Amino acid sequence: MISFLNPILLFGILGAIIPIIIHLINKKKAVSHRFAAIDFILQTNKRISVKFKLRQLILLILRAFLLAFLAMALARPFVKNFIGGAPQKDVPTSNVIILDDSYSMQYSDNHESFFMSAKTAAKEIVNNLTKNDDAAVITCSGLGSQVLPELDYDKKNLLNLLEQAQPSFATTHITPALDAAVEVLTSAKASIKRIFLLTDLTRNGWDIDWFKSGNEKLRKHVSSIHIIDLSEGGELKNIAITQIEPQINVSEKTAESTIKVTVSNFTPARIKNLLAQVFLDQKKVAQGFFNIDANASETKEFYFSVEKGKGHTGWVEVSEDSLDTDNKRYFAMNTSNKLDALLIDGDPKTNIYESETFYLEKALNPGREHASSIKPTICSIHEVKNFDFANFDMVFLCNVETLPPEKIHELDKFAKEGGSVIFSLGNKVDANYYNNSFNTLLPHRLHTTRTFSSDSPLSEEQPLHLKTTEPTHPALRILSETSMSTLYSVKFYRVFYVDPAPLGNCKTILSFSDDTPALIERQVDRGRCVLFTSSIDRDWTDMPVKSFFLPLIQQLCRFLTGNIAEEIQRETLVMHEWQSPSPEDINSLEITNPEGTKAVLHPQLINNEKSFSYNETNLPGIYAVTVDGKPHPQFPQKFSVNVNATESNLDKINQKELTALMGGTNLTITTSPVTEGSEVLMGEAKKTLWGTLLFLILCILFAESFVSRK
Amino acid sequence: MVENPFDPVTLSKIASMELRARLVVDGVLSGIHKSPYKGSSIEFLEHKEYSPGNEIKHIDWKVHARTDKYYIKEFEEETNLKCYIFLDTSGSMEYKSTGISKFEYAATLAASLAYLLLKQSDMVGLISFSDRVFQYIPPRSRVTHLHILLNTLAELKPAGKSNIGVILNEFIEKISRRSLIIIISDFFDDINKVIKQVKYFQFKKNEVILFQILDPYELSFPFETITYFESMEDDRRILADPKSIKDRYLSGINRFLEQFKQACFENQIDYCLIDSSTPLDQTLIRFLARRESNL
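Each protein sequence line maps, in turn, to chains W and A. Letter by letter, the first sequence follows residues 262 to 971 in this note's numbering. Letter by letter, the second sequence follows residues 10 to 304 in this note's numbering.
Here it is, written out as structure tokens:
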């Protein structure tokens, strides 16, 4: 049955009488002429007259039809349920509406956002469904998140769900959504199965490789795919903060912070004087201007001071543009207190390079003064009586032969009250003395030393190497893969063997290549003790000159003093998991998202390590971490979640590429807004006729021209 | 620009038919000094006393011998030519596109011919007709006869259907032998009938000249817009698109003219097709040239 989108324009069919009126008027207006040779006219006109009248009639009909068809074409006729050229009524269809809710859909160019347009279009699609049609709605940000992943006949329900749909801050994942759609449609019973993909067609959401296998599924299970480009085919321009890198340099009282800000210009024109502002704890602390070439990025550093010993949060923002979501990027930093370390050098030398503590001191505080948050103090065995252990956070016993008895007692007390004691051994160490004096602190009893003197590969006594027993141990967590590989290349020429039986609650962090312990941790009441079974200088090993030595020592110190939380929290991206190792004594953790919603986490075993894992990073912003309602030194007070900058590049996948990707499928791509009667809504269910009518009009025009000229 | 005095349009401005005829004929004759028509004998009429100025060669010397007085002989010139001018006055002759109608042209031509012939002392008669004879003026050679002819021509009004064949048939018995018969018409008629009757005249040793007068529009059919064409002789009326029928019309009328011309040629009938926009002197010269070539 033919229906019309603009039936009011059918009144235009009355225009068909215009040629008839003109014909009649012309007939009346015909000039009379008395003519002598009328016989010749009559002779010729016998046939011509009939032809003339016939031609006039044909012209009249053609012109009348021309106007009538024009009026009909403007009224935009269509045939409902038109399939394969034969109208079929009530053919049920199954439809999956894929709603792109990635943050690029929040693009708004002085009008409503693409997402709002997508919602309107989706509602229009649902409104056009008949009672026999069912539909599912799938969103394509994140992996497989779906609004209504099952086909439903209830239009009201579908419309309600669409009404409630909100744009996300995640990136686009078109192909998982297509996968999900195919899965839904595979089980559908309707003969016509359609996918409506409402997207801005930004390139990053399309996994080209998926189509190698996915295309076959689309061809097999989907009747047609309608891609509606909400950007209406236009070029999208965007400016975004794509990266921020905060850094902290701690001094005695304050910490100086720098933040590297990278702004990308995803427009075809150079931008000038783009204002970027840095906010710290809700106050603007720095600002600057960017001048960026077309399709380029620029990085600038901003400097500001932060108060020590506190957690800080902030953000960097640039001026508004059509897509605001990526104009702001958050960061969190913890400026921990300065740690004081006492280094008791058991083998001091006049040449400081040969001193037992030389490399350790450099590792704890490299470069200039106060560059690190750890302040080392070195003393000899004779000077140790002058130092009160309670004034330090940790005490290093480096190849110490003996300690005065009172100091041994003080050390024991120090450890039990929360201090950290680190033993590194050497040629001055007597196993029996250590076993007797520090048995409450040592993780294992010392046994004997063993020397691996030969460096020849043919020798049976090859130097030992290190290997990780617990690679996920907090003390090793900051070591990169390169550092870890360097770890295995360290050579140990002499080590102390220890008794296999631990003396307390112990954990071996590093082992030697012959599986004997190298670095052992022991929990002593509130404190921790660590035993390193070789020397901390270069007497027995080349470890101090290896690149991982510094971060390992620093991380070990933070771990031992409970300041394991990194100073600069690595940013977490929206929809990505945030993880933190779980200390033994903490059984729950609270995370408060930027909207104030709290989530309680319990430790899970991840890669054989107890960790806290948080997945609800749906919103960009600052998330607070608390234990029993308070910040805990083992965890960062806050961490930041930011949008994935890959979505900021709004480069679009073009129609040719899409057609190539989806070759063989019944694909339509429309850039016009979806309104009632849009061709995309007609699909198989409705066949538009105005194209045919326009073709007929052209034919009539041609015929009219041909007949009138003859 | 000086108007051509023989142009039909110019002539149409001259009301008097006599003046038109004189203008045409005198103009033509001033260029042609030799008349092709000459009387073959002279007949004595009376004697008249000589007065100075008379030609001496006409003095009758015998009478002078008897009476001793000078008398000159007066003769009545006798012609051997009788001319009958058939003028078609049917309704179709009234057609005029521009300038003058075919009838006006034909009447002026007839007047000119009459004047020319009478000037040469030939006898000229006039028959005006359509489907019947309106006027029949028997041929006379007197000078006063010219006035009668010209007045008659001036008063004629075209009307009715033409039927040349019937009219000619009526006159076959009336017309004496060896006459000149001039038929001026558009000949929108059955040409076979016309030719048939003309052949009868020829059989009686008459010489026949046919002047077919046609309007330039009838020859070129230059109409553009859709037109109701109405017959000038009856009530027929037809709506036609001139552009669509022009070719066929022209081919029809040219075929008709060709057939007519061919029939005339085959039967040795003098035929002259005249466009009514053609200056009359040219027509007359063509006529005289043909006559001269025929004699």
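Glycine is no exception: its CB is placed at the ideal position from the N, C-alpha and C atoms. Model, not experiment: these values are computed from the prediction.
What does a CB cutoff of less than 6 Å around residue 766(W) pick up in its chain, not counting 5 residues either side in sequence? Result list for residue 766(W): 784, in chain order.
Within its chain, find whatever has a CB closer than 7 Å to the CB of residue 900(W); leave out the 5 residues flanking it on each side and keep chain order. Counting only Cβ-Cβ distances below 7 Å, and skipping sequence neighbours, we find 593, 830, 833, 839, 884, 886.
Compute the distance between the beta-carbons of residue 203(A) and residue 217(A), then report whether it is under 8 Å. Not a contact, by the Cβ cut-off of 8 Å.
Do you know whose CA, among 857(W), 360(W), 638(W), lies nearest residue 882(W)'s CA? The shortest C-alpha to C-alpha distance from residue 882(W) to any of 857(W), 360(W), 638(W) is the one to 857(W).
What residues match up with residue 581(W) in a beta bridge as DSSP calls it? Paired residues: none, contrary to the question.
Under 6 Å Cβ to Cβ from residue 274(W), same chain only, skipping five residues before and after it: list those, please. So the qualifying residues of the chain are 329, 332.
Can you tell me which of 587(W), 267(W), 326(W) puts its alpha carbon nearest to the alpha carbon of residue 336(W)? That would be 267(W), whose Cα lies nearest to the Cα of residue 336(W).
Close beta carbons around residue 757(W), own chain, < 6 Å, minus the five adjacent residues each side: Here the set comprises 686, 707, 710, 794.
Are the C-beta of residue 293(W) and some C-beta of chain A separated by less than 8 Å? By this cut-off, residue 293(W) is an interface position.
By how many angstroms is the C-alpha of residue 761(W) removed from the C-alpha of residue 677(W)? Looking at the backbone, the Cα of residue 677(W) and that of residue 761(W) are separated by about 24 Å.
Give a yes or no on whether 8 Å exceeds the smallest Cβ distance from residue 113(A) to chain W. Residue contact with chain W for residue 113(A): absent (no Cβ-Cβ distance below 8 Å to any residue of chain W).
Counting pairs of Cβ atoms below 8 Å between the stretch 153 to 163 of chain A and the stretch 220 to 228 of chain A, do you hit three or more? Contact fails: fewer than three Cβ-Cβ distances are below 8 Å.
Taking CB distances under 8 Å as the criterion, tell me whether residue 267(A) reaches chain W. Not an interface residue.
Taking the beta carbon of residue 962(W) as the centre, do at least 16 other beta carbons fall within 10 Å, making it buried, or is it exposed? Classification of residue 962(W): exposed, given that the 10 Å Cβ count is below 16.
According to DSSP, residues forming a beta bridge with residue 501(W): Note: residue 501(W) sits in a beta bridge opposite 525(W).
Whether residue 664(W) touches residue 639(W) by CB criterion (8 Å): Going by beta carbons, residue 664(W) and residue 639(W) fall outside the 8 Å limit.
Pull up the DSSP beta-bridge partners for residue 842(W), would you. According to DSSP, residue 842(W) bridges with 872(W).
Does the structure place the stretch 359 to 374 of chain W close enough to the stretch 428 to 444 of chain W that three or more beta carbon pairs sit under 8 Å? With a cut-off of 8 Å, the stretch 359 to 374 of chain W and the stretch 428 to 444 of chain W count as touching, because enough Cβ pairs lie within range.
Which complete beta strand (DSSP E) runs does the stretch 459 to 497 of chain W hold, if anything under 3 residues is left out? Runs found: 485 to 490.
Would you say residue 139(A) reaches chain W, if we count a Cβ-Cβ gap shorter than 8 Å as a contact? Residue contact check for residue 139(A) against chain W: no CB pair falls below 8 Å.
Any residues in the stretch 163 to 183 of chain A with a beta carbon nearer than 8 Å to a beta carbon of chain W? Which ones, in chain order? Contacts with chain W (Cβ-Cβ distance below 8 Å) from the stretch 163 to 183 of chain A involve no residue at all.
Can you tell me which residues form a DSSP beta bridge with residue 227(W)? Residue 227(W) lies beyond the range of chain W shown here (262 to 971); nothing can be said about it.
Tell me whether residue 467(W) is buried or exposed, calling it buried when 16 or more other Cβ atoms sit within 10 Å of its Cβ. Around the Cβ of residue 467(W), a 10 Å sphere holds 16 or more other Cβ atoms; the residue is buried.
Stretch-stretch touch, CB-based, cutoff 8 Å, three pairs: the stretch 364 to 381 of chain W with the stretch 575 to 592 of chain W: The stretch 364 to 381 of chain W, when compared against the stretch 575 to 592 of chain W, does touch it at the 8 Å Cβ threshold.
Just checking: is the beta-carbon of residue 964(W) within a distance shorter than 8 Å of some beta-carbon in chain A? Contact of residue 964(W) with chain A is not assigned, every C-beta pair being separated by 8 Å or more.
Going along chain W in order, which residues have a C-beta closer than 8 Å to the C-beta of residue 261(A)? Simply 301, 304, 305.
Measuring straight from C-alpha to C-alpha, what distance separates residue 945(W) and residue 453(W)? Confidence at residue 945(W) is low in this model, with a pLDDT of 48, below 50, so the placement of that residue is unreliable and no value is reported for it.
I think residue 177(A) touches residue 137(A), with their Cβ atoms under 8 Å apart; what is that distance to the nearest whole Å? Between residue 177(A) and residue 137(A) a beta carbon distance of about 14 Å is seen, past the 8 Å cut, so the two are scored as non-contacting.
Which residue from 356(W), 576(W), 270(W) puts its Cα closest to that of residue 416(W)? When the alpha-carbon of residue 416(W) is set against those of 356(W), 576(W), 270(W), the nearest one is in 356(W).
Cα-Cα separation, residue 816(W) to residue 779(W): It is roughly 17 Å from the alpha-carbon of residue 816(W) to the alpha-carbon of residue 779(W).
Do we get a CB-CB distance below 8 Å when we pair residue 313(W) with the residues of chain A? The beta carbon of residue 313(W) sits closer than 8 Å to some beta carbon of chain A.
Which of helix, strand or coil does DSSP assign to residue 96(A)? Strand at residue 96(A).
Between the stretch 548 to 558 of chain W and the stretch 521 to 530 of chain W, do three or more beta carbon pairs fall short of 8 Å? Result yes; three or more Cβ-Cβ pairs closer than 8 Å.
Could you give the DSSP three-state label for residue 348(W): helix, strand or coil? Residue placement at residue 348(W) is flagged as unreliable, the pLDDT there being 35, under the threshold of 50; a coordinate-derived value is accordingly withheld.
Taking residue 239(A) as the query, report the chain W residues whose CB atoms sit under 8 Å from its CB, ordered along the chain. Simply 293, 294, 295, 296, 299.
DSSP three-state assignment for residue 400(W), whether helix, strand or coil: Correct three-state label for residue 400(W): strand.
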